[in-house]
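First up is the structure itself, then whatever we jot down about it.
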Amino acid sequence: MRKNRRLILAAGLASLIGGSLALAQASPRLIKVKARRFVFTPNRIALKKGQPVTFELTSEDIVMGMNVPDFKVRSDIIPGKPMRMSFTPDKAGTFTFVCDVFCGEGHEDMSGTLVVT
Amino acid sequence: MTIDRRMFLQLAALGGGAVFASGLAGGAPKAPGAEHDDFYFVQLSDTHWGFNGAAVNPDFAGTLPKAIAAVNALPEQPDFIIFTGDLTHTTDNPVERRRRLGEFRDIVSRLKATTVRFMPGEHDASLDHGKAFTEFFGPTRYSFDHKGIHFVVLDNVSDPAARIGDEQLAWLEADLAKHPQDSRIVVFTHRPLFDLAPQWDWATRDGDKAIEILMRHPNVTVFYGHIHQENHRMTGHIAHHSAKSLMFPLPAPMSQPKREPLPWNPDEPYRGLGFREVEAEGAGAMFSIHELPVRA
Numbered sequence: 001m002r003k004n005r006r007l008i009l010a011a012g013l014a015s016l017i018g019g020s021l022a023l024a025q026a027s028p029r030l031i032k033v034k035a036r037r038f039v040f041t042p043n044r045i046a047l048k049k050g051q052p053v054t055f056e057l058t059s060e061d062i063v064m065g066m067n068v069p070d071f072k073v074r075s076d077i078i079p080g081k082p083m084r085m086s087f088t089p090d091k092a093g094t095f096t097f098v099c100d101v102f103c104g105e106g107h108e109d110m111s112g113t114l115v116v117t
Numbered sequence: 001m002t003i004d005r006r007m008f009l010q011l012a013a014l015g016g017g018a019v020f021a022s023g024l025a026g027g028a029p030k031a032p033g034a035e036h037d038d039f040y041f042v043q044l045s046d047t048h049w050g051f052n053g054a055a056v057n058p059d060f061a062g063t064l065p066k067a068i069a070a071v072n073a074l075p076e077q078p079d080f081i082i083f084t085g086d087l088t089h090t091t092d093n094p095v096e097r098r099r100r101l102g103e104f105r106d107i108v109s110r111l112k113a114t115t116v117r118f119m120p121g122e123h124d125a126s127l128d129h130g131k132a133f134t135e136f137f138g139p140t141r142y143s144f145d146h147k148g149i150h151f152v153v154l155d156n157v158s159d160p161a162a163r164i165g166d167e168q169l170a171w172l173e174a175d176l177a178k179h180p181q182d183s184r185i186v187v188f189t190h191r192p193l194f195d196l197a198p199q200w201d202w203a204t205r206d207g208d209k210a211i212e213i214l215m216r217h218p219n220v221t222v223f224y225g226h227i228h229q230e231n232h233r234m235t236g237h238i239a240h241h242s243a244k245s246l247m248f249p250l251p252a253p254m255s256q257p258k259r260e261p262l263p264w265n266p267d268e269p270y271r272g273l274g275f276r277e278v279e280a281e282g283a284g285a286m287f288s289i290h291e292l293p294v295r296a
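As you go down the protein sequences, you meet chains A and B in turn.
Per this note's numbering: the first sequence = residues 1 to 117.
Per this note's numbering: the second sequence = residues 1 to 296.
In structure tokens:
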């Protein structure tokens with residue numbers, strides 16, 4: 001009986017460990033991106049295919065946007081209010097992200113690159 | 001011998017001009033009582049007055065006046081002329097924005113055509129929600145009728161996020177509801193209504209909602225600007241035609257890593273710049289488009 005109880009406890013512990021491992025794998029990677037007229041920092045970001053990612057977006061001056069058309073995700077970036085945008089890259093390659101809220105004279109050059117491997 | 005417009009276009013095509021027939025073959029049947037007169041209008045776009053990048057266009061101050069002179073020299077003046085946005089190049093300075101809009105207005109006042117219409121691009125309107133544009137040129141959206149065709153000007157630039165907005169979409173729906181469903185409808189926008197290249201900001205965030213409304217009507221054609229080149233695309237039965245710029249051409253959608261102006265070629269000055277005539281003839285959504293160059 002004691003042996004059985006020990007087995008049950010061991011199985012429970014194993015499932016807990018397994019569960020937390022699975023959870024760790026599913027946890028999105030957090031990447032902080034700052035926007036200010038007319039640059040993203042960083043503006044070249046390496047990602048892993050299949051690994052969920054969450055961008056935490058902050059603006060240092062005015063309202064902007066981050067749009068990644070190839071993954072059909074976007075978010076406003078509002079000063080004083082960190083915004084989060086999550087997705088899982090499902091394809092490898094080099095993809096452009098852009099500011100999609102017209103923010104001034106340099107708006108058209110405000111872009112960056114995601115490199116997914 | 002009198003040369004009428006149609007014959008003129010045929011001769012122009014033989015002479016190297018580009019003529020594009022828009023719309024579905026045969027067009028939709030003409031609605032009873034929907035008689036109309038043949039006429040043509042001229043579309044000019046993306047003049048970017050105030051741009052001063054000599055490497056891209058060393059004649060940045062002379063290209064628009066040359067285009068005005070070319071339109072004035074047409075053998076027959078168009079029924080109307082429309083500028084489809086980016087009249088001026090953007091500036092963060094509201095005083096400078098108004099100075100550019102004022103200079104632009106003075107230059108285009110030399111046009112001989114009696115009716116000249118305007119709409120904003122994001123360079124004119126996105127930094128102040130269309131305020132300065134409105135002071136000079138009036139509403140940023142409107143509709144009008146001309147010789148049996150209903151024209152709608154949609155504003156997809158005064159919102160810096162490139163949205164038409166639910167209020168304007170409701171206005172569009174109500175405006176079209178006043179006309180028979182099979183009316184000939186022409187829509188002018190600055191940005192493409194469809195996702196041509198969102199990576200280059202060549203899209204309208206809620207453009208799909210406008211297209212959904214327009215799809216209920218069988219005879220719709222869209223003319224737009226923004227991308228500084230000719231592009232012809234169908235969404236369902238709706239043809240979308242973008243116009244050339246009168247300041248600098250841009251590369252074909254996604255044809256290179258970055259959207260940068262195509263360099264000036266001294267051997268072919270003004271290459272890629274121009275304006276167009278649009279001939280409304282026949283029935284349905286059929287239009288003949290004739291591209292005209294800017295010349296030294």
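Note that CB positions come from ideal geometry on N, CA and C, so glycine has one too.
Remember, it's a predicted structure, so these values are computed and weren't measured experimentally.
Only those residues of the segment 89-101 of chain A whose C-beta falls short of 9 Å from the nearest C-beta of chain B are listed: 94, 95, 96, 97, 98, 99, 100 and 101.
It is roughly 16 Å from the alpha-carbon of residue 70/B to the alpha-carbon of residue 114/B. Taking 8 Å as the upper bound for CB-CB distance, residue 55/B and residue 264/B are in contact here, some 7 Å apart.
In terms of CA proximity to residue 34/A, 80/A leads the group 80/A, 28/A and 53/A. Counting C-beta pairs with one atom in each stretch, the segment 143-150 of chain B and the segment 119-130 of chain B have fewer than three that are closer than 8 Å, which means they do not touch. Interface annotation for the segment 80-96 of chain B against chain A: 90, 91 and 92, criterion Cβ-Cβ distance under 8 Å. By alpha-carbon distance to residue 245/B, the top candidate from 226/B, 74/B and 106/B is 226/B. Bridge pairing for residue 200/B: absent [DSSP]. Remark: C-beta atoms of residue 28/A and residue 86/A approach each other more closely than 7 Å. In this structure, residue 280/B sits away from residue 80/B, with a CB-CB distance that is not shorter than 7 Å. Under the Cβ criterion (8 Å, minimum of three pairs), the segment 89-107 of chain A counts as touching the segment 50-59 of chain A.
If you compare the alpha carbons of 141/B, 286/B, 214/B and 247/B with that of residue 193/B, the shortest gap goes to 214/B.
Exposure of residue 72/B is indicated by the presence of fewer than 16 other C-beta atoms within 10 angstroms of its C-beta.
When the alpha-carbon of residue 110/A is set against those of 96/A, 75/A and 83/A, the nearest one is in 96/A. For residue 43/B, the enclosing beta strand (DSSP E) has its first and last residue at 39-44. By the neighbour-count definition (other C-beta atoms within 10 Å, threshold 16), residue 45/B is a buried residue. The residue from 228/B, 278/B and 233/B with its alpha-carbon nearest to that of residue 48/B is 228/B. With a threshold of 7 Å between beta carbons, residue 161/B makes contact with chain A.
Between the alpha carbons of residue 57/A and residue 50/B lies a gap of roughly 33 Å. Neighbours of residue 120/B across chain A, judged by C-beta separation under 7 Å, do not exist; the nearest C-beta is about 12 Å away. Of all alpha-carbon atoms in 151/B, 92/B and 129/B, the one lying nearest the alpha-carbon of residue 117/B is that of 151/B. The Cβ of residue 199/B sits closer than 7 Å to at least one Cβ of chain A. Only residues of its own chain outside the window of five on either side were considered, and among them 240 have a CB closer than 6 Å to the CB of residue 233/B, listed in chain order. In terms of beta-carbon proximity, residue 242/B stays away from the interface with chain A, with every pair separated by 7 Å or more. With fewer than 16 other CB atoms across the displayed protein chains lying within 10 angstroms of its CB, residue 212/B is exposed. The DSSP-derived three-state label of residue 93/A is strand. If you ignore the 5 residues before and after residue 88/B, its C-beta comes within less than 8 Å of the C-beta of 47, 48, 49, 50, 97, 100, 101, 104, 123 and 124, all in its own chain and listed in chain order.
DSSP, reduced to helix, strand and coil, places residue 82/B within a strand of the structure shown.
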